[in-house]
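K.L.:
Read in order, the letters of the sequence shown correspond to residues 1 to 1131 in full-length UniProt numbering.
Next up is a structure, given as structure tokens.
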Amino acid sequence: RWMEVCLEEELPPTTELEEGLRNGVYLAKLAKFFAPNVVSDKKIYDVEQARYKRSGLHFRHTDNTVQWLRAMESIGLPKIFYPETTDVYDRKNIPRMIYCIHALSLYLFKLGLAPQIQDLLGKVDFTEEEISNMRKELEKYGIQMPSFSKIGGILASELSVDEAALHAAVIAINEAIEKGVAEQTIVTLRNPNAMLLNVDEDLAQDYQNELLEAKRRKESNARLKNGTISEEERDVYEELLTQAEIQGNINKINKLIAVDNINTAIRNCDPSKTLVALMKPEAQLPVVHSFAAAVYQTELFNLQQQSAVNYLAHDELSVAVEMLSAVVLLNQALENKDILMIKNHLRNPCIGFNNLEEENFQRYADTLLSIKSEASSQGQDYLSWNDIQNCIDMVNMQIQEENERIIAIGHINEAIDQGNPEKTLETLLLPTAKLQDVRPVNARHYQDVLHRAKAQKCKVRALTVAAYESALLWLDEIQKGISDANNNMKEAEILAVGTSMINKSLEKGDSQPILMILQSKFGLRVVPECAETYYRNLSEAKKLKAREDSNESPWIKLVMKNMYDYYYNVETEEGTCVVPEGVVPKASWLTGEEIQSIVGQVTADYNRQQLWLANENLIVQLQARARGFLVRKNYRERKAYLRNQEPSAIKIQAFWKGFKQRKSYIDRLKVLQGNVAAIVKIQSWVKMWLAKRAYRKRLQYFKDHNDEIVKIQAFLRANKAREDYRTLIGAENPPLTVLRKFAYLLDQSDLDFQEELEVTRLREEVVTKIRSNQQLEKDLNLMDIKIGLLVKNRITLQDVVLHSKKLNKKSRSQLEEMVMVDKQGIKGLSKERRKKLEAYQHLFYLLQTNPTYLAKLIFQMPQNKSTKFMDTVIFTLYNYASNQREEYLLLKLFKTALEEEINSKVDQIQDIVTGNPTVIKMVVSFNRGARGQNTLRQLLALVVKEIMDDKSLIINTSPVDVYKSWVNQLEMQTGEASKLPYDVTTEQALTHTEVVNKLESSIQSLRAVTDKVLTSIFSSLNMMPYGMRYIAKVLKSSLHEKFPDATEDELLKIVGNLLYYRYMNPAIVAPDGFDIIDMTAGGQIHPDQRRNLGCVAKVLQHAASNKLFEGESEHLSSMNTYLSQTYQKFR
1 RWMEVCLEEE
11 LPPTTELEEG
21 LRNGVYLAKL
31 AKFFAPNVVS
41 DKKIYDVEQA
51 RYKRSGLHFR
61 HTDNTVQWLR
71 AMESIGLPKI
81 FYPETTDVYD
91 RKNIPRMIYC
101 IHALSLYLFK
111 LGLAPQIQDL
121 LGKVDFTEEE
131 ISNMRKELEK
141 YGIQMPSFSK
151 IGGILASELS
161 VDEAALHAAV
171 IAINEAIEKG
181 VAEQTIVTLR
191 NPNAMLLNVD
201 EDLAQDYQNE
211 LLEAKRRKES
221 NARLKNGTIS
231 EEERDVYEEL
241 LTQAEIQGNI
251 NKINKLIAVD
261 NINTAIRNCD
271 PSKTLVALMK
281 PEAQLPVVHS
291 FAAAVYQTEL
301 FNLQQQSAVN
311 YLAHDELSVA
321 VEMLSAVVLL
331 NQALENKDIL
341 MIKNHLRNPC
351 IGFNNLEEEN
361 FQRYADTLLS
371 IKSEASSQGQ
381 DYLSWNDIQN
391 CIDMVNMQIQ
401 EENERIIAIG
411 HINEAIDQGN
421 PEKTLETLLL
431 PTAKLQDVRP
441 VNARHYQDVL
451 HRAKAQKCKV
461 RALTVAAYES
471 ALLWLDEIQK
481 GISDANNNMK
491 EAEILAVGTS
501 MINKSLEKGD
511 SQPILMILQS
521 KFGLRVVPEC
531 AETYYRNLSE
541 AKKLKAREDS
551 NESPWIKLVM
561 KNMYDYYYNV
571 ETEEGTCVVP
581 EGVVPKASWL
591 TGEEIQSIVG
601 QVTADYNRQQ
611 LWLANENLIV
621 QLQARARGFL
631 VRKNYRERKA
641 YLRNQEPSAI
651 KIQAFWKGFK
661 QRKSYIDRLK
671 VLQGNVAAIV
681 KIQSWVKMWL
691 AKRAYRKRLQ
701 YFKDHNDEIV
711 KIQAFLRANK
721 AREDYRTLIG
731 AENPPLTVLR
741 KFAYLLDQSD
751 LDFQEELEVT
761 RLREEVVTKI
771 RSNQQLEKDL
781 NLMDIKIGLL
791 VKNRITLQDV
801 VLHSKKLNKK
811 SRSQLEEMVM
821 VDKQGIKGLS
831 KERRKKLEAY
841 QHLFYLLQTN
851 PTYLAKLIFQ
861 MPQNKSTKFM
871 DTVIFTLYNY
881 ASNQREEYLL
891 LKLFKTALEE
901 EINSKVDQIQ
911 DIVTGNPTVI
921 KMVVSFNRGA
931 RGQNTLRQLL
941 ALVVKEIMDD
951 KSLIINTSPV
961 DVYKSWVNQL
971 EMQTGEASKL
981 PYDVTTEQAL
991 THTEVVNKLE
1001 SSIQSLRAVT
1011 DKVLTSIFSS
1021 LNMMPYGMRY
1031 IAKVLKSSLH
1041 EKFPDATEDE
1051 LLKIVGNLLY
1061 YRYMNPAIVA
1071 PDGFDIIDMT
1081 AGGQIHPDQR
1091 RNLGCVAKVL
1101 QHAASNKLFE
1111 GESEHLSSMN
1121 TYLSQTYQKF
1131 R
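This is the structure:
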């Protein structure tokens, strides 16, 4: 019974236990109980004893006995008690094995790992004959019956302690117990020689009571033994408590007190104290997880409240804590979304879940994850045992319902295959199928639709006729078929009613309800203007079908979805899918398809007529574009053909011309290389002498004949003017050079005046279109915002529609106003409006020619509205600089505004750089228009594209990033984790030679690429917009005037900041954002390319402002010399 308590399973009867222990399985399981770190289930051979039951003992069963012996050795049981392996396997000495088990139980009781084995003295009686027979049997094999009563003494003598001291301490404890004084007893218990653990002075009286009761029991048992045991076999500890028994009773009291403390902590609802009480070793409870203190407190408190005595005993606590720990680990696995751990925790027998099915474990895990996620969103930190059990039951119920539904689906498919509508309807109405909206009157149509769906599924899967039965319709397909059939019947009924009403109206000659019927029954979009046309065409079509036939029935036939027949009785207004017996459908009435076709044709003709009338100009434009496309296509084809013939001829010509040029160049080069010094010297002297002589001679000649030269020039000019005048008045077609000289004498014709007016009008139209496009863009942005709010349910659809109508109304009013002004012109204005127009003309002319007013007005605008003010007022006022005069006036405004801003707002010269000057922002914004954009593209496109296309170019100036890249490369090469730290500082990274070398290589590449960009910029300075260069000049002169003490270098830094940092730098860093390079739709710049361009821009920025690398960028100090040289080039 002691082994059954330890193993928690039932052992064979006593008469069969000896044979059952030979395979060592129960012994190995006992070893797993007290030494689980030494023996596990995997190490036990034939743990379920299936091999033993099938074919008896196997030599590998001895491994189990060996595992048991090793486990006893690991806990320190003296080897004097150990049996041999053959004593168990071959039954050579079974009493020695039983003797060892008794010693093991006493030793485990002393260690607090197991209860003590019960003494059966006085409870089991053996006859003298049975005892005599057993002795003879033992003597037959030479086995001596061990003395079980001396186990305590042997344990005391075999343990590695001072025997005399321990013996004396134990005797002193027994004497103190006999005296009944708790204070003396606790003193003896705390004696170090007694080797007792976990003795608490506060529990002295409890120890005294428990030990005294135990001693009384042992003395009673000893008195019963005195008559049966000889004097030689008696043990010194027959009436005294052994050290192991004393320790066991102390542990018992400690456990009871620990359980009381746990119950008290639970009642006080303090999770931290409850956790500390549960984790005390004296409580002898399963493992407790500290991170789940609140869970233990809550659940144990609920259990305590449910108890009748409001108290949890040790066994109840042990079971509850073991289960709660398993639930906590399961919740942790759910939080980590570890499917494998979730399944393992569900299989844990400690957790005690019911109705678990092995094949459903994946479904359990998925459902628990979703429930856990939902609970977390609602603030619930963990799932309780009941929540998890409910989830398991719910999953089992769902799977059961799914299985029942699969069976119902099988019955439905069988009924469909049989082709019996009544049978099909009966299966569709099965409760387990849970199909919605099944109507018995549509049974025939359900059969047809589902049968066709199943046939279609077979066709799609390319199944043979023999495999037709295996192509089942699933629930969603069946439900869809039912819904489709119901919709078909509903649509057919509406169409049949509409057909009947139309034909009856035509027979009566009543055209009034035609439109209403077409809209309500047929759902057609009809035009009220075509009402008479509808009626007339329908009547004509019906007359063509009319015939004298008295055998016509009241039934009309319709075809649903071009495949299912539907019959409708126009008298009883009943419909069915079953063919009525002996019925001939009406043939003199128009069918629904004919009515829809006629009405659709009439509507289409009317719409087409209105469309042509409304879009005549667009059609003409479309034709023109189509013809232009065809002409361009023919031109490209012809050009491609000609180009295909060119490469060969061009290649031959290029080769021959190159050969001749190289030969001539080499010959001439050899001659010159042989006489370089002499040639240079001769050329320089001759050229200098000739130039000096000619200059002196010519100068002296002019001085000697100054008066004559003046007269000759006057005569020649007069003669030339007379000759040109004669040519002008006498020649039929005088040359252009003559006309230009006398153009100012010509009268202005009406044609010249009209052309000038046309140019002016076109300019006005361009400006108007620009402003209109800007307004449309704003309206479109506002419309996008409205639609976004609609998507997020912030506004309703009516608000968006209302906004759209306002925009359309606004567009129409603006168009009407423009048309009215174009038609009437100035003459159409009233006298008051003419005066207002004239006043505005004077105002705008004054604002254009005298920029002082606008310059002051700009700085009165809020900073956040300056851009809008520029777009809506200033650029429009200067007509977007569409000609030279307006561009000049706009630059003059920028000059005046910049001087005004520097004089009034700039207190220090660095304010231009650190702040965001309004005028600088206006100038850069203006010059990034179409002209400036093309300039940036011409300046930077080639070199930026070259940098991006160089796949081998990798520039990284960050030592930490270079170090991490190097460490990753080492790990990939070796296949092992590097011993170097991954997170380091810049100084630590620079201590590695490889990092320094890679950094130096990146700096060399950075210099080479930066030189290319500089060359591109410096070689194309003349292409920079004139406005930018002019404002740079104004900026330098204004700053010099405001700060006369500023050095030339400081002024040039400010100019460099304007030209490079504000104008060019953003285009280099983000070429895709400034249309510098062509990007495909959805294309993006690679991070390495972006980093390369950023490094180049950073170096150029430092060079433009003469800022050296210092502080955090000290590792780039080797480029400071290069920066200084580049700054001189910028100057």
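By construction, the Cβ of each residue, glycine as well, lies at the ideal position given by its N, Cα and C atoms.
Since this is a predicted model, take the numbers as computed values, not measurements.
Would you kindly report the start and end of the unbroken beta strand (DSSP E) that includes residue 575?
P.N.:
As a first step, residue 575 must be located in the sequence shown, where it is residue number 575. From DSSP, the beta strand (DSSP E) with residue 575 extends over 574-576.
K.L.:
Flag this pair as yes or no: are the beta carbons of residue 284 and residue 112 separated by less than 8 Å?
P.N.:
One-based indexing of the sequence shown puts residue 284 at position 284. One-based indexing of the sequence shown puts residue 112 at position 112. Yes, the Cβ-Cβ distance between residue 284 and residue 112 is below 8 Å.
K.L.:
Buried or exposed for residue 122, going by 16 or more other Cβ atoms inside 10 Å?
P.N.:
Taking the sequence shown and counting its residues from 1, one reaches residue 122 at position 122. The pLDDT assigned to residue 122 is 43, lower than 50, so where the model puts this residue is not dependable; a value taken from the coordinates is nonetheless given after this. In this structure residue 122 is exposed. Its beta-carbon is surrounded by fewer than 16 other beta-carbon atoms within 10 angstroms.
K.L.:
Roughly how many whole angstroms lie between the Cα atoms of residue 210 and residue 253?
P.N.:
As a position in the sequence shown, residue 210 is number 210, starting the count at 1. As a position in the sequence shown, residue 253 is number 253, starting the count at 1. When rounded, the distance between both Cα atoms is 8 Å.
K.L.:
Which whole-angstrom value describes the C-beta separation of residue 960 and residue 986, a residue pair presumed to lie in contact below a C-beta threshold of 8 Å?
P.N.:
Along the sequence shown, read from residue 1 onward, the residue named residue 960 stands at position 960. Along the sequence shown, read from residue 1 onward, the residue named residue 986 stands at position 986. About 6 Å; that satisfies the 8 Å criterion.
K.L.:
Taking 8 Å as the limit between beta carbons, can you name the residues of its chain near residue 41, skipping five residues before and five after?
P.N.:
Along the sequence shown, one-based indexing puts residue 41 at 41. If the five residues before and after residue 41 are omitted, its C-beta is found closer than 8 Å to the C-beta atoms of 32, 47, all from its own chain and listed in chain order.
K.L.:
Rounded to the nearest angstrom, how far is the Cβ of residue 502 from that of residue 538, given a contact under 8 Å?
P.N.:
By 1-based counting over the sequence shown, the position of residue 502 is 502. By 1-based counting over the sequence shown, the position of residue 538 is 538. Between residue 538 and residue 502 the Cβ distance is about 7 Å, and since that is below 8 Å, they are a contact.
K.L.:
Pick out the complete alpha helix (DSSP H) segments inside the region 691-760, 4 residues or longer, and give them in chain order.
P.N.:
For the region 691-760, whole alpha helix (DSSP H) runs of length 4 or above, ordered along the chain, are 706-730, 736-741.
K.L.:
Which residue comes first and which comes last in the alpha helix (DSSP H) that contains residue 97?
P.N.:
Residue 97 sits at position 97 when you count from the first residue of the sequence shown. Segment 94-111, the alpha helix (DSSP H) holding residue 97.
K.L.:
So who's on the other strand from residue 557, going by DSSP bridges?
P.N.:
Your numbering for residue 557 matches position 557 in the sequence shown. 567, per the DSSP bridge assignment.
K.L.:
Might you give, ordered along the chain, the residues of its own chain that have their beta carbon closer than 8 Å to the beta carbon of residue 293, omitting 5 neighbours on each side?
P.N.:
Here the question's residue 293 lines up with position 293 in the sequence shown. 271, 272, 274, 275.
K.L.:
Using a threshold of 8 Å, state whether the C-beta atoms of residue 445 and residue 485 are closer than that.
P.N.:
The residue you call residue 445 lines up with position 445 of the sequence shown. The residue you call residue 485 lines up with position 485 of the sequence shown. Yes, they are a contact pair.
K.L.:
So, with DSSP's three-state summary, where would you put residue 269?
P.N.:
The sequence position of residue 269 within the sequence shown is 269, counting from 1. In the structure shown, residue 269 sits in coil (DSSP, three-state: anything other than H, G, I, E or B).
K.L.:
Measure the alpha-carbon distance for residue 536 versus residue 584 and round it to whole angstroms.
P.N.:
In the sequence shown, residue 536 corresponds to position 536, counting from 1. In the sequence shown, residue 584 corresponds to position 584, counting from 1. Using only the alpha carbons, I get a separation of about 28 Å.
K.L.:
Going by Cα to Cα distance, which pick from 359, 349, 375 is closest to residue 335?
P.N.:
The count along the sequence shown starts at 1 and reaches residue 335 at position 335. Comparing Cα-Cα distances from residue 335 to each of 359, 349, 375, the minimum goes to 375.
K.L.:
In chain order, what residues of the same chain lie with their CB nearer than 6 Å to the CB of residue 190, ignoring the 5 residues before and after it?
P.N.:
The residue you call residue 190 lines up with position 190 of the sequence shown. So the qualifying residues of the chain are 199.
K.L.:
Go ahead and pull the three-state DSSP assignment for residue 948.
P.N.:
Indexing the sequence shown from 1 puts residue 948 at position 948. Reduced to three states, the DSSP call for residue 948 is helix.
K.L.:
Could you check whether residue 1043 and residue 909 sit closer than 8 Å to each other, using their CB atoms as the reference points?
P.N.:
Along the sequence shown, read from residue 1 onward, the residue named residue 909 stands at position 909. Along the sequence shown, read from residue 1 onward, the residue named residue 1043 stands at position 1043. Going by C-beta atoms, residue 909 is nearer than 8 Å to residue 1043.
K.L.:
With three or more beta-carbon pairs closer than 8 Å as the criterion, would you say the region 933-944 touches the region 1059-1073?
P.N.:
yes
K.L.:
Cutting at 8 Å between CB atoms, please list the residues of its own chain near residue 320, excluding the five before and the five after it.
P.N.:
For the purposes of this step, residue 320 is taken as residue 320 along the sequence shown, with counting starting at 1. Cβ neighbours of residue 320 beyond the five flanking positions: 299, 300, 303, 312.
K.L.:
Would you call the region 429-443 in contact with the region 362-376, where contact means no fewer than 3 C-beta pairs closer than 8 Å?
P.N.:
no
K.L.:
Thinking just about the alpha-carbon of each residue, which of 683, 533, 269 is nearest to the one in residue 305?
P.N.:
Position 305 of the sequence shown holds residue 305. Distances from the CA of residue 305 to each of 683, 533, 269 were compared; the closest alpha carbon is that of 269.
K.L.:
Could you round the C-beta distance between residue 1036 and residue 1009 to whole angstroms and report it? I think they count as a contact, below 8 Å.
P.N.:
The count along the sequence shown starts at 1 and reaches residue 1036 at position 1036. The count along the sequence shown starts at 1 and reaches residue 1009 at position 1009. Rounded, the Cβ-Cβ distance is 30 Å, inconsistent with contact.
K.L.:
Which term fits residue 107, buried or exposed, when burial requires 16 or more other beta carbons within 10 angstroms of its beta carbon?
P.N.:
The residue given as residue 107 occupies position 107 in the sequence shown. Buried, by the Cβ-count rule.
K.L.:
Which word fits residue 1079, buried or exposed, when buried means at least 16 other C-beta atoms lie within 10 angstroms of its C-beta?
P.N.:
By one-based count along the sequence shown, residue 1079 stands at place 1079. The residue in question, residue 1079, is exposed, as its Cβ has fewer than 16 Cβ neighbours within 10 Å.
K.L.:
Thinking C-beta only, is residue 475 closer than 8 Å to residue 409?
P.N.:
Taking the first residue of the sequence shown as position 1, residue 409 is located at position 409. Taking the first residue of the sequence shown as position 1, residue 475 is located at position 475. Against a cut-off of 8 Å, the Cβ pair of residue 475 and residue 409 comes out as a contact.
K.L.:
Am I right that residue 881 and residue 855 are in contact with their C-beta atoms under 8 Å? What's the rounded C-beta distance?
P.N.:
Translated into positions along the sequence shown, residue 881 becomes position 881. Translated into positions along the sequence shown, residue 855 becomes position 855. Not quite, the Cβ-Cβ distance comes to about 17 Å (not below 8 Å), so this is no contact.
K.L.:
Look up residue 849 in the DSSP assignment and say whether it is helix, strand or coil.
P.N.:
Within the sequence shown, the letter at position 849 stands for residue 849. In this structure, residue 849 counts as helix in the three-state DSSP scheme.
K.L.:
According to DSSP, is residue 168 part of a helix, a strand, or is it coil?
P.N.:
In the sequence shown, residue 168 corresponds to position 168, counting from 1. Of the three classes helix, strand and coil, the one that applies to residue 168 here is helix, per DSSP.
K.L.:
Determine the DSSP secondary structure at residue 410, reduced to helix, strand or coil.
P.N.:
Translated into the one-based positions of the sequence shown, residue 410 becomes position 410. Residue 410 falls in the helix class under three-state DSSP.
K.L.:
Cβ atoms of residue 317 and residue 262: under 8 Å apart, would you say?
P.N.:
As a position in the sequence shown, residue 262 is number 262, starting the count at 1. As a position in the sequence shown, residue 317 is number 317, starting the count at 1. Taking 8 Å as the Cβ cut-off, residue 262 and residue 317 qualify as a contacting pair.
K.L.:
With a 10 Å radius around its C-beta and 16 neighbouring C-beta atoms as the bar for buried, classify residue 466 as buried or exposed.
P.N.:
Translated into the one-based positions of the sequence shown, residue 466 becomes position 466. With a pLDDT of only 43 at residue 466, under 50, the local geometry of the prediction cannot be trusted, and the value read off the model is given with reservation. Flag for residue 466 reads exposed.
K.L.:
Considering just the uninterrupted stretch of the alpha helix (DSSP H) at residue 476, what are its terminal residues?
P.N.:
The count along the sequence shown starts at 1 and reaches residue 476 at position 476. Run containing residue 476: 475-508, per the alpha helix (DSSP H) assignment.
K.L.:
Can you check which of these residues, 801, 259, 1004, is closest to residue 277 by C-alpha distance?
P.N.:
Here residue 277 refers to the residue found at position 277 of the sequence shown. Looking at the Cα atoms, 259 is the closest of the given residues.
K.L.:
Starting from residue 961, follow the alpha helix (DSSP H) in both directions and report where the run begins and ends.
P.N.:
Locating residue 961 in the sequence shown gives position 961, counting from the first residue. Residues 959-974.
K.L.:
Taking Cβ to Cβ, would you say residue 22 is nearer than 8 Å to residue 91?
P.N.:
Here residue 22 is taken as the residue at index 22 of the sequence shown, counted from 1. Here residue 91 is taken as the residue at index 91 of the sequence shown, counted from 1. Result yes, Cβ atoms of residue 22 and residue 91 sit closer than 8 Å.
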